[in-house]
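Every letter in the sequence shown is one number past the one before it in this note's numbering, and letter 104, counting from 1, is 131. All C-beta atoms, glycine included, are put in the ideal place defined by N, C-alpha and C. Quick caveat: nothing in here was measured; it's all calculated off a predicted structure.
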Amino acid sequence: MFEKVNYKEQVAEVAKPFENFGVIGKDISHSLSGKKIKNGNVKVAASFGRYHHKMETDVIVQDGILDNFRDSVREILPQESLLSKNYLITDSIVDELYGEHVLKEMQAADLQVFKLIVPAESSDESGESSAEMHKTLEVLSGLIDQVLESGIDKHSCIISLGGGVVNNICGFLASTLYRGIKLIHITTTMMGQADAAIDFKQAVNHPKGKNLVGAYYPASKVICDPSTLTTLSDRHLLNGLSECIKHAFTQSSELMDYIMTGICNLRDTKYLETVVSLTVAHKAPTLTHYHDSDFNEICPQYGHAIGHAVEHLTWKDGCGPPLLHGEAIAIGMCASAEIAYILGICEKEVVDEHYEIFQRAGLPVFVPECLSIDAMVDKLTYDKHYVRSQATIGMITSVGDMYQDEATGNYGIPINDELLRAGLIANINRRTNSISQ
């Protein structure tokens, strides 16, 4: 705590050591703050500060926008970057699909753009393509070296082309070069378009854990071209669709109706364009108004506390094929609904809807047999919302409506280990019953 001290009474004493430097005649009231720590002996010689620039991102969802990117890229790139040296960064898999095309389209628009490529695997332990194992400080450092050796200026722009991993690496890269240069995301996965790139969070992994080193840094534009989603596997499409269903469960029954009515058109780019646009429209306000209510933090995290525990544990040796993020949070949402029912927050029909919707979509709903309840409860203690020996989760009363505690006004509800176990047991019992039927 600081207490304001009258400047006129204190400035002479504060400035006395500097009398011989000939500066006392100037008005220095703006820098000599005259503050002192309340009830203490530590005196503040000066204070400084300024408002940081507003974090703001425009999201463009347009089917086929990359086909003739030369026609729009000069409007999309920050105007101050048009005469600078810019960098298109992609991974080795996306590069084969779109890298040269996007590079040539940008160069055809008379832009100075150079392409850099990060590694990716055609198949990881999950059996799907991924660059996750290369989302490291080592890869980031290599990119920094290449960019600085080639040359940039303060108006240069980093353009990411790829899924969430490439978007995250490039976001952190842009935040560090020259203490922050321009950033554009062109996100090419369903998870990226529906969730991962629609945020200010940029990070790389560390041996101690995922996304531990990073920054909050905005891309000026995020480009979502649903035509890029047609090259994804069904599993990767559903992985991102799980996040869309999450926003429908927490915010909009109308969004849920649209998603499920057209689910058979999963590879129709017009259907995907609408689903992505509606999902982004629901997520964006939770970012803009983040500090206004805990709804804006808890809503996007629906199913994630339990889902993260399930996801992490399935990547351990001996647990069978690991789950993707969207698959794990589908299970997390089903278990969260079980807890809501136990607490009397929702009716049994709402719990049943969770299972029916995810199963119709082709997503998993049951905790894998290889996971123990003890292991999951223990893993939940590492969740960022685990506070005072309790997990904090969001729950819904019906499709499109999140539960709010009337006493506290909070949407994040503390859940003790007993309730967690009860919810997980209910999910496992459904799995057992489904096998026996």
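request  = List in chain order: all unbroken beta strand (DSSP E) runs of 3+ residues lying wholly within the stretch 215-251.
outcome  = 228-233, 236-243 and 248-251
7 Å CB neighbourhood of S8 in its chain, flanking five on each side removed = Since the first and last residues shown for the chain are 28 and 464, residue 8 lies out of range.
task = Tell me whether E123 is buried or exposed, calling it buried when 16 or more other Cβ atoms sit within 10 Å of its Cβ.
result = exposed
key: Limits of the beta strand (DSSP E) - the one that Q139 falls within   = Unbroken beta strand (DSSP E) run through Q139: Q139 to V145.
Contiguous alpha helix (DSSP H) assignments of at least 4 residues, all confined to the stretch 58-132 = For the stretch 58-132, the continuous alpha helix (DSSP H) assignments of 4+ residues that do not extend past its boundaries occur at 100-103, in sequence order.
6 Å CB neighbourhood of I132 in its chain, flanking five on each side removed = Note on identity: in this sequence residue 132 is Glu, with Ile being the wrong assignment. Excluding positions up to five away in sequence, the list reads F96 and R97.
query = Is it true that the CB of M422 sits closer than 7 Å to the CB of A336?
reply = no
query = Can you list, in chain order, the residues of its chain whose CB lies under 6 Å from that of D54, leaving out five sequence neighbours each side?
reply = Unreliable positioning characterises D54 in this predicted model, as indicated by a pLDDT of 47, which lies under 50. The coordinate reading is nonetheless provided below. Closer than 6 Å at Cβ, skipping near neighbours: no residue.
Among L293, P253, L143 and E152, the one whose alpha carbon lies nearest that of G176 = Per the sequence shown, the amino acid found at residue 176 is Glu instead of Gly. Selected option, being the one with the closest Cα: L143.
key: For E148, the residue or residues it bridges with in DSSP   = The secondary-structure analysis by DSSP pairs E148 across a beta bridge with S157.
task = Whole angstroms is fine: what's the gap from K248's alpha carbon to V69's?
result = 45 Å
request  = Following the continuous alpha helix (DSSP H) through P312, name the residue where it begins and the one where it ends.
outcome  = T296 to T315
request  = Confirm the yes/no value for this check: CB of I372, any heavy atom of the ligand GTP, distance under 6 Å.
outcome  = Looking at this structure, you won't find the ligand GTP or any other ligand, since it has none at all.
query = Can you find a C-beta in chain B that's less than 7 Å from the C-beta of T459?
reply = The structure shown contains no chain B; it is built from a single protein chain.
request  = Identify, in the order they occur along the chain, each residue of the same chain with its Cβ nearer than 8 Å to the Cβ of A367, setting aside the five sequence neighbours on each side.
outcome  = Counting only Cβ-Cβ distances below 8 Å, and skipping sequence neighbours, we find C373, V377, V378, M422, I423, T424 and Y430.
Terminal residues of the alpha helix (DSSP H) in which I179 lies = Neither: I179 is in no alpha helix (DSSP H) and is coded neither H nor E.
query = Ordered along the chain, which non-local residues of its own chain (more than five positions away) have a Cβ less than 7 Å from that of H381?
reply = M360, C361 and A364
ask   = By the 10 Å Cβ neighbour count, where 16 or more other Cβ atoms means buried, how is H212 classified, buried or exposed?
value = buried
ask   = Between the C-alpha atoms of R457 and T203, what's the straight-line distance to the nearest angstrom?
value = 48 Å
request  = Spatial neighbours of T214 within its chain, please: CB distance less than 8 Å, with the 5 preceding and 5 following residues excluded, ordered by chain position.
outcome  = S187, G189, G190, G191, N194, Q220, A223, A224, V249, I250 and C251
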